[in-house]
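Trainee: Got a structure for you, written out below as structure tokens; questions coming shortly.
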Amino acid sequence: MGVYERFGVAPLINALGTVTVVGGSRMDPRVLEAMAAASGSFVDVPLLLDRAGTTIARLAGAEAACVTSGAAAGLAVATAACLAHGDPERIRQLPDTTGMRDQALVLAAHRMVYDQAVRLAGAELVEVGTSTSTTLEQVDAAITDRTALLFYFAGASGMPGSLPLRDVAALVKPHGIPLVVDAAAELPPVGNLTSFLADGADLVVFSGGKEIGGPQSSGFILGTEPLITECSLTNFPNHSIGRSMKTDKETIVGLVTAVELFVQRDYGAIFARWRRLSESVVAAVNEVPGCTARIGYPTVPGIQPREIPRAYIDQAGLTAPELRDRLLRRKPPVAVGVEGGSVAINPQCLADDELEPLIEALVSELSA
Ligand SMILES: *Cc1c(COP(=O)(O)O)cnc(C)c1O
Numbered sequence: 004m005g006v007y008e009r010f011g012v013a014p015l016i017n018a019l020g021t022v023t024v025v026g027g028s029r030m031d032p033r034v035l036e037a038m039a040a041a042s043g044s045f046v047d048v049p050l051l052l053d054r055a056g057t058t059i060a061r062l063a064g065a066e067a068a069c070v071t072s073g074a075a076a077g078l079a080v081a082t083a084a085c086l087a088h089g090d091p092e093r094i095r096q097l098p099d100t101t102g103m104r105d106q107a108l109v110l111a112a113h114r115m116v117y118d119q120a121v122r123l124a125g126a127e128l129v130e131v132g133t134s135t136s137t138t139l140e141q142v143d144a145a146i147t148d149r150t151a152l153l154f155y156f157a158g159a160s161g162m163p164g165s166l167p168l169r170d171v172a173a174l175v176k177p178h179g180i181p182l183v184v185d186a187a188a189e190l191p192p193v194g195n196l197t198s199f200l201a202d203g204a205d206l207v208v209f210s211g212g213k214e215i216g217g218p219q220s221s222g223f224i225l226g227t228e229p230l231i232t233e234c235s236l237t238n239f240p241n242h243s244i245g246r247s248m249k250t251d252k253e254t255i256v257g258l259v260t261a262v263e264l265f266v267q268r269d270y271g272a273i274f275a276r277w278r279r280l281s282e283s284v285v286a287a288v289n290e291v292p293g294c295t296a297r298i299g300y301p302t303v304p305g306i307q308p309r310e311i312p313r314a315y316i317d318q319a320g321l322t323a324p325e326l327r328d329r330l331l332r333r334k335p336p337v338a339v340g341v342e343g344g345s346v347a348i349n350p351q352c353l354a355d356d357e358l359e360p361l362i363e364a365l366v367s368e369l370s371a
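Residues 4 to 371 in the working numbering are what the sequence shown spells out, letter by letter.
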């Protein structure tokens, strides 16, 4: 019996992507080996965290890095750093922000489910503009002596109500207001590890458990030296906002190993494989009467990364949510996305030997 079947939970075929509710990602055996080795002895955890940050910064090409228990934790820790700025009294006082700059500006078009992590640290979110239109003048006018940071969601940068990161950075920099970017799922391309920093971000938060393929409950913040030190002070294992977001020694070692492997991966070959998988799905589905399938790319923020080709499927007699639900009820269950009115097949997490069962499941439900 498999490890999940013991609990009466069936493993599923993941055609959805590096989505947390279906398990995020598969760890490379070398990551698992490093984690198992890490479990064999005790270690100075603050020192390990510090050295892991140095290693990740070097691999990423950033000035400094802080390891967190995921990107959402990274947002809370980065926000706490921008509120307390390393002051021991303030670190202990949070999420009570009395006496501190306490507001996080956010473009209305960048509001999303993960910004609760910003509020978790004690900050109040202040929206600027509307979901369809925002100007730099509006951002400028929103800056007050309560502004502690500007929170920028990289996944929404292409939305009508967004502004280019570079322009926002140039605006807030003279005010000394840190710019915190949520880039949790913006990999690949590997170049995004540094592109947001190059555009003027001060802190950029990534998930370790998505395309990087580290432990699901890992992540890191990249940024400039003084701010990353302030992040570390408000992060685990200090008694602070970050103390509730623990990263164990196995996770720390696993994350560093995964980042090492990630920056060496041949993404030319990986993209070619993703394209082949998507094309196989499209070809098979187009054989089914009443069905149309095509290769495409996501146009809605949050369905990341945007560069991975998807197979979009439409079936005249079935809505996309109906098809998704039918696929989830199969044995084994198949997890797919819904985007617009179509089912979206994301090849990102598919193993080679899952292509055939995936196609079989699709053809069977689409012909039913
Ligand atoms: C996945 C995701 C997060 C959360 O990342 P975790 O590592 O799961 O905590 C935050 N923001 C965005 C945009 C994400 O896609």
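Just so it is clear, CB atoms sit at the ideal spot from N, CA and C, and this is done for glycine as well.
(1) Where does F10 sit, in a helix, a strand or coil, going by DSSP?
(2) Go ahead and label V142 buried or exposed: buried means 16 or more other beta carbons lie within 10 angstroms of its beta carbon, across all protein chains shown.
(3) Give the single residue among A124, A354 and S235 whose Cα lies nearest to the Cα of R54.
(4) Output needed for D202: all residues of its chain with C-beta closer than 7 Å, excluding positions within five of it in sequence on either side, in chain order.
(5) Which residues in the same chain have their Cβ closer than 7 Å to the Cβ of M162, if we skip the five residues on either side of it in sequence?
(6) At which residues does the beta strand (DSSP E) containing C294 begin and terminate?
(7) Go through the region 105-142 residue by residue and report every complete run of the alpha helix (DSSP H) that reaches 4 residues or more, in order.
(8) Taking a contact to mean a Cβ-Cβ separation below 7 Å, would you say L2 touches G226 in this structure?
(9) Nearest to L108 by CA position, among C85, P191, T101 and A41, is which residue?
(10) DSSP on F239, reduced to helix/strand/coil?
(11) Count the other C-beta atoms from every protein chain shown that fall within 10 angstroms of the C-beta of Y300, then say buried if there are 16 or more, exposed otherwise.
(12) Compute the minimum distance between the beta carbon of A187 and the heavy atoms of ligand 1, and state whether it is under 6 Å.
(13) For the alpha helix (DSSP H) containing G77, name the first residue and the last one.
(14) Would you say the beta carbon of Y117 is closer than 6 Å to some non-hydrogen atom of ligand 1?
(15) Just to confirm, are V121 and T250 a CB contact at a threshold of 7 Å?
(16) Does the region 46-63 come close enough to the region 268-279 that 3 or more CB-CB pairs lie under 8 Å?
(17) Could you name the residues that DSSP lists as bridge partners for V183?
(18) Grab me the residues of L190's own chain with a C-beta within less than 8 Å of its C-beta, minus the 5 sequence neighbours each way, in chain order.
(19) Taking a contact to mean a Cβ-Cβ separation below 7 Å, would you say P350 touches S283 in this structure?
(20) In three-state DSSP terms, what is S247?
(21) Is the beta carbon of T232 closer than 7 Å to that of A87?
(22) Taking 6 Å as the cut-off, is the beta-carbon of S3 closer than that to any non-hydrogen atom of ligand 1?
(23) I'd like to check one pair, L110 with T135: are the Cβ atoms closer than 7 Å?
(24) To the nearest angstrom, how far is it from the Cα of D328 to the Cα of E342?
(25) Nearest to M248 by alpha carbon, out of S220, V262 and L230?
(26) For V175, is the classification buried or exposed, using 16 other Cβ atoms within 10 angstroms of its Cβ as the cut-off for buried?
(27) Helix, strand or coil for L225, going by three-state DSSP, please let me know.
(28) In three-state terms, what does DSSP make of R313?
(29) Among H178, I224 and P218, which residue has its Cα nearest to the Cα of F199?
Mentor: According to the structure data:
(1) Locating residue 10 in the sequence shown gives position 7, counting from the first residue. Helix at F10.
(2) Looking up residue 142 in the sequence shown gives position 139. It is buried - the Cβ of V142 has at least 16 other Cβ atoms within 10 Å.
(3) In the sequence shown, counting from the first residue as 1, residue 54 sits at position 51. The shortest Cα separation from R54 among A124, A354 and S235 belongs to S235.
(4) Taking the sequence shown and counting its residues from 1, one reaches residue 202 at position 199. So the list reads L168, R169 and A172, once near-sequence residues are dropped.
(5) Numbered from 1 along the sequence shown, position 159 holds the residue referred to as residue 162. A112 and P304, listed in sequence order.
(6) The residue given as residue 294 occupies position 291 in the sequence shown. That run of the beta strand (DSSP E) goes C294 to G299.
(7) Under the rule that a run must span 4 or more residues, the alpha helix (DSSP H) segments found entirely inside the region 105-142 read 119-123.
(8) One cannot answer for residue 2 here, as it falls past the ends of the chain, which runs 4 to 371.
(9) Along the sequence shown, one-based indexing puts residue 108 at 105. Checked all of C85, P191, T101 and A41; the closest Cα to L108 is C85.
(10) Working through the sequence shown from its first residue, we reach residue 239 at position 236. F239: coil per DSSP, three-state reduction.
(11) Residue numbering aside, residue 300 sits at position 297 when the sequence shown is read from its first letter. Burial call: exposed.
(12) Counted from its first residue, the sequence shown places residue 187 at position 184. Checking the Cβ of A187 against ligand 1 gives yes.
(13) Translated into the one-based positions of the sequence shown, residue 77 becomes position 74. Note, G77: alpha helix (DSSP H), A74 to A87.
(14) Numbered from 1 along the sequence shown, position 114 holds the residue referred to as residue 117. Yes, since a heavy atom of ligand 1 falls inside the 6 Å radius drawn around the Cβ of Y117.
(15) Within the sequence shown, the letter at position 118 stands for residue 121. Within the sequence shown, the letter at position 247 stands for residue 250. No, Cβ-Cβ distance for V121 and T250 is not below 7 Å.
(16) no
(17) Here residue 183 refers to the residue found at position 180 of the sequence shown. For V183, which the question treats as bridged, DSSP gives the partners F154 and L206.
(18) Numbered from its first residue, the sequence shown carries residue 190 at position 187. L196, F209, K213, E214, I215, F265 and P308.
(19) Against the sequence shown, residue 350 aligns to sequence position 347. Against the sequence shown, residue 283 aligns to sequence position 280. Contact check for P350 against S283 fails: the beta carbons are separated by 7 Å or more.
(20) Your numbering for residue 247 matches position 244 in the sequence shown. Residue state, collapsed to three classes: coil.
(21) Here residue 87 is taken as the residue at index 84 of the sequence shown, counted from 1. Here residue 232 is taken as the residue at index 229 of the sequence shown, counted from 1. No, the pair does not count as a contact, with Cβ atoms beyond the cut-off.
(22) Past the boundaries of the shown model lies residue 3; the chain is included only from 4 to 371, so the question cannot be answered.
(23) Walking along the sequence shown from the start, residue 135 turns up at place 132. Walking along the sequence shown from the start, residue 110 turns up at place 107. No. Outside cutoff.
(24) Here residue 328 is taken as the residue at index 325 of the sequence shown, counted from 1. Here residue 342 is taken as the residue at index 339 of the sequence shown, counted from 1. One C-alpha to the other measures close to 14 Å.
(25) Working through the sequence shown from its first residue, we reach residue 248 at position 245. The shortest Cα separation from M248 among S220, V262 and L230 belongs to S220.
(26) As a working mapping, residue 175 is identified with position 172 in the sequence shown. Buried.
(27) Numbered from its first residue, the sequence shown carries residue 225 at position 222. Strand.
(28) The residue given as residue 313 occupies position 310 in the sequence shown. Note: R313 maps to strand in three-state DSSP.
(29) In the sequence shown, counting from the first residue as 1, residue 199 sits at position 196. Selected option, being the one with the closest Cα: I224.
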